[in-house]
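Quick notes on the structure that follows.
Numbering (my numbering), first residue to last: 973 to 1303.
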């Protein structure tokens, strides 16, 4: 018996007068007795368990579907990267290898707020068949800060100020890469993307929280996660160190450029290139332009721009191994 049926007995049941006498016309006492009736308790427990089982199945199905989508995206990302490496090995562009590698990173989270959003991208068209010496400028990027104190520290480009209201628009603009030169490999007006991140699931949750569902973006071929796609579940700092990707150190041998969204996105892209080069050595040796992956990953870091504060300038001049993060001493 559910509570509605119990209530109807009080008002319309054939034994309502008996119930009134039994509970001294106290409706509250009668309703309270509902939760003390053994049959009712067992019935409620059974219904509760049935509801729990239904929700458990529903949540399990959602989790399975989410995991399946994740695996499909990662699988598609691996296929795209394999095509990219093979195109480098043969010096031949293919439809499968024609895309933009887009590395993204957020500082902060949905619960406590996003502090920064940064990205770095590499166009495979700029790499495959390029007879020139590879330039670190092939990797471009930008950083967006949601507060004034986050405006400093981005090494690889400029930082723009934005806010929570505009962030979703900024993200959509970044994920929209126009095709400025349609060719035999692409007839679309937008470039296809492979999204890259370190522990990418965190970034995808923030994208979703800003109304951007990767599953609904037809231009996203797949994803790559440098945290676990290559069997190296570790921090970005440790991954970069294990791959010998250069990181600037201050005079105290401390890495000061991480945990800036734009920098982390750039370093993640370099880590991906280093991992691809490492893997390709077993399959393609030094064929074609495979070494360009290594050259881009290990390219010299940009010179930190001059600053006005004489304390910082002097510190940078004294530091022969790296630079001091502007944000550390900026007052």
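Even for Gly, the Cβ is constructed at its ideal location relative to N, Cα and C.
Where residue 1210 is concerned, the enclosing alpha helix (DSSP H) starts and stops at 1208-1215. Here residue 1092 is actually not in contact with residue 1069; their C-beta atoms are around 19 Å apart, not less than 8 Å. Within a 10 Å sphere around the beta-carbon of residue 1254 sit fewer than 16 other beta-carbons, which makes this residue exposed. Between residue 1261 and residue 1115, the beta carbon gap of about 30 Å keeps them out of contact (Cβ cut-off 8 Å).
With respect to residue 1168, residue 1074 sits close: the two C-beta atoms are nearer than 8 Å. Counting only runs that start and end inside the stretch 1110-1159, the alpha helix (DSSP H) elements of at least 4 residues fall at 1136-1147. Counting along the chain, residue 1096 sits inside the alpha helix (DSSP H) bounded by residues 1096-1099. Residues 1249 of the same chain have their beta carbon placed closer than 6 Å to that of residue 1266, with the five preceding and five following residues left out of the count. Residue state for residue 994 is assigned as helix, using DSSP reduced to three classes. When the beta-carbon positions are compared, residue 1268 and residue 1100 stay at least 8 Å from each other.
Judged by DSSP secondary structure, residue 1221 falls outside any beta strand (DSSP E); it is assigned neither H nor E.
Of the residues assessed, residue 1239 falls on the buried side of the cut-off, its CB having 16 or more other CB atoms within 10 angstroms. In this structure, DSSP gives residue 1262 a state outside helix and strand, which the three-state scheme calls coil.
Pairing residue 1271 with residue 1090 gives a Cβ-Cβ distance that is not under 8 Å. The Cβ-Cβ distance between residue 1189 and residue 1147 falls below 8 Å. Note on geometry: alpha-carbon atoms of residue 1274 and residue 1027 lie some 53 Å from one another.
Beta-bridge partners assigned by DSSP to residue 1089: 1078 and 1116. Burial check for residue 1170: the Cβ neighbour count within 10 Å reaches 16 or more, so the residue is buried.
Judged by DSSP in its simplified three-state form, residue 1022 adopts helix.
Uninterrupted alpha helix (DSSP H) stretches at least 4 residues long and entirely within the stretch 1170-1200 occur at 1172-1181, given in chain order. The continuous alpha helix (DSSP H) containing residue 1238 extends over residues 1233-1252. A direct Cα-Cα distance of roughly 19 Å separates residue 1230 from residue 1133. For residue 1057, the secondary structure class from DSSP, reduced to helix, strand or coil, is helix.
Inter-residue distance for residue 996 and residue 989 is about 10 Å (C-alpha atoms, whole angstroms).
Here residue 1206 is actually not in contact with residue 1172; their C-beta atoms are around 15 Å apart, not less than 8 Å. Taking 8 Å as the cut-off, the Cβ atoms of residue 1192 and residue 1186 count as close. The residue among 1162, 1174 and 999 with its C-alpha nearest the C-alpha of residue 1081 is 1174. Each of 1097, 1046, 1264 and 1085 was checked against the Cα of residue 1117, and the nearest Cα belongs to 1085.
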